[in-house]
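Colleague: Sharing a structure with you now.
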Amino acid sequence: MTTSLERASRRGSATDNAYQHIKHLILVNELAPGAELREAALTESTGFGRSPVREALRRLVQEGFVEVRPRQGYRVSFVTIDGVRDLFELRLLLEPAAVELAALRAPYDELTELGTLARTTYSPGQAGGYETFLKAGRDFHVRIAKATGNERLASTLEVLLDEMQRLFFLSLGDPASASDMTREHRALYDALLARDVPRARQVVVDQIEAGRDRVLDRLAAAGRPEAPRPSGSGD
Numbered sequence: 065m066t067t068s069l070e071r072a073s074r075r076g077s078a079t080d081n082a083y084q085h086i087k088h089l090i091l092v093n094e095l096a097p098g099a100e101l102r103e104a105a106l107t108e109s110t111g112f113g114r115s116p117v118r119e120a121l122r123r124l125v126q127e128g129f130v131e132v133r134p135r136q137g138y139r140v141s142f143v144t145i146d147g148v149r150d151l152f153e154l155r156l157l158l159e160p161a162a163v164e165l166a167a168l169r170a171p172y173d174e175l176t177e178l179g180t181l182a183r184t185t186y187s188p189g190q191a192g193g194y195e196t197f198l199k200a201g202r203d204f205h206v207r208i209a210k211a212t213g214n215e216r217l218a219s220t221l222e223v224l225l226d227e228m229q230r231l232f233f234l235s236l237g238d239p240a241s242a243s244d245m246t247r248e249h250r251a252l253y254d255a256l257l258a259r260d261v262p263r264a265r266q267v268v269v270d271q272i273e274a275g276r277d278r279v280l281d282r283l284a285a286a287g288r289p290e291a292p293r294p295s296g297s298g299d
């Protein structure tokens, strides 16, 4: 006999799977900014039930990836200059603190395991390489946050880093800067291994500020306060 606890567990797993699936589509720009999201259509296209899709959308609203449109359903949130500034400002407040904590108290074996991610490289034109590179960069920073042992800090930064990844998939990143990013990751990795707190903090601050400037420059060069807005979308 299936217990109520087992049914609840299955519902939770289905919701988590629906959430991860829809979020991935948003992060890699398969669901572009401004795209309409309807429960029935997502249920049919993803194969998840209506309830898991509904709960997944609610979670994505809470995280800022999706907006509620009264009496019209949901849509993927736009990326704006002000929003980008807010994201980087918050990251500058949180991630240097996470790096300091990791340098001070993360187990050495957890730090050494970051080496492969820190050394991931990308060459322009490499098929599928940029996506792999971005994911490795995101995972590198998430693993550092988790190594602090502070679950609230790590979960908050994980959402922020997902939003950063979305910016790069929206072509607001600069693939040509990948070599600079790899050098930054290696420098941060070396500082963490050495337990050099001031150096680790400065490296991550410099990296965040450089990333912010690259994204804002590309938004400004495109001449748009929002990026990118699909043709035919409206309020």
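Mapping of the sequence shown onto the numbering used here: position 135 corresponds to residue 199, and the numbering continues sequentially without gaps.
No residue lacks a Cβ here, since even glycine has one placed at the ideal position from N, Cα and C.
Being a predicted model, the structure only gives us computed values, none of them experimental.
#1: Counting along the chain, where does the alpha helix (DSSP H) carrying Glu215 start and finish?
#2: Per DSSP, which residues does Val130 bridge with? Please list them.
#3: Quick check on Leu101: does DSSP put it in helix, strand or coil?
#4: Just to check, is the beta-carbon of Leu175 closer than 8 angstroms to a non-hydrogen atom of the ligand NAP?
#5: Please go through the same chain and pick out, in chain order, the residues whose beta-carbon is closer than 8 angstroms to the beta-carbon of Leu158, but skip the five residues on each side of it.
#6: Three or more beta-carbon pairs under 8 angstroms between the region 243–257 and the region 127–145, yes or no?
#7: Check for me: the alpha helix (DSSP H) holding Phe197 runs from which residue to which?
#8: Looking only at its own chain, which residues have a Cβ that is under 6 angstroms from the Cβ of Arg202, when we skip the five neighbours before and after it?
#9: Looking at C-alpha atoms only, which residue of Ser115, Pro171 and Gly179 is the closest neighbour of Ser77?
#10: Starting from Ala183, follow the alpha helix (DSSP H) in both directions and report where the run begins and ends.
#11: Which of helix, strand or coil does DSSP assign to Asp260?
#12: Pull up the distance between the alpha-carbon of Arg118 and that of Glu103, whole angstroms please.
#13: Whether or not the region 267–277 and the region 173–182 are in contact is what I'm after, with contact meaning three or more pairs of Cβ atoms, one per stretch, closer than 8 angstroms; do they touch?
#14: Going by the CB atoms, is the gap between Ala251 and Thr212 shorter than 9 angstroms?
#15: Quick check: what's the CA-CA separation for Arg135 versus Glu174?
#16: Assuming Val148 contacts Val279 under a Cβ cut-off of 8 angstroms, what Cβ separation, rounded to an integer in Å, is found between them?
#17: Check Pro11 in the structure and name its three-state DSSP category.
#18: Grouping DSSP H, G and I as helix and E and B as strand, with all else coil, what is Gly111?
#19: With a CB to CB cut of under 7 angstroms and the five nearest residues on each side skipped, what residues in its chain are close to Leu154?
#20: Excluding the five sequence neighbours on either side, which residues of its own chain have a C-beta within less than 8 angstroms of the C-beta of Phe112, listed in chain order?
Modeller: Working from what's here:
#1: Element bounds for Glu215: Glu215 to Leu231.
#2: By DSSP's assignment, Val130 forms a beta bridge with Val140.
#3: strand
#4: By its list of ligands, the structure shown contains no ligand whatsoever, and the ligand NAP lies outside what it can speak to.
#5: Close CB contacts of Leu158 within its chain, under the 8 angstroms cut and outside five residues either way in sequence, are with Leu217, Thr220, Leu221 and Leu224 (chain order).
#6: no
#7: Segment Gly193 to Ala211, the alpha helix (DSSP H) holding Phe197.
#8: Beyond the five residues adjoining it in sequence on each side, Arg202 comes within less than 6 angstroms, by CB distance, of Leu225 and Gln229 in the same chain, given in chain order.
#9: Looking at the Cα atoms, Ser115 is the closest of the given residues.
#10: What sits at residue 183 in the sequence shown is Arg, not Ala. That residue, Arg183, is in no alpha helix (DSSP H); it is neither H nor E in DSSP.
#11: coil
#12: 6 angstroms
#13: no
#14: no
#15: 48 angstroms
#16: The Cβ separation is near 6 angstroms, so the contact holds.
#17: Lying outside 65 to 299, the shown extent of the chain, residue 11 is not represented and no answer is given.
#18: coil
#19: Leu224
#20: Ala78, Asn81, Ala82, His85, Leu106 and Ala120
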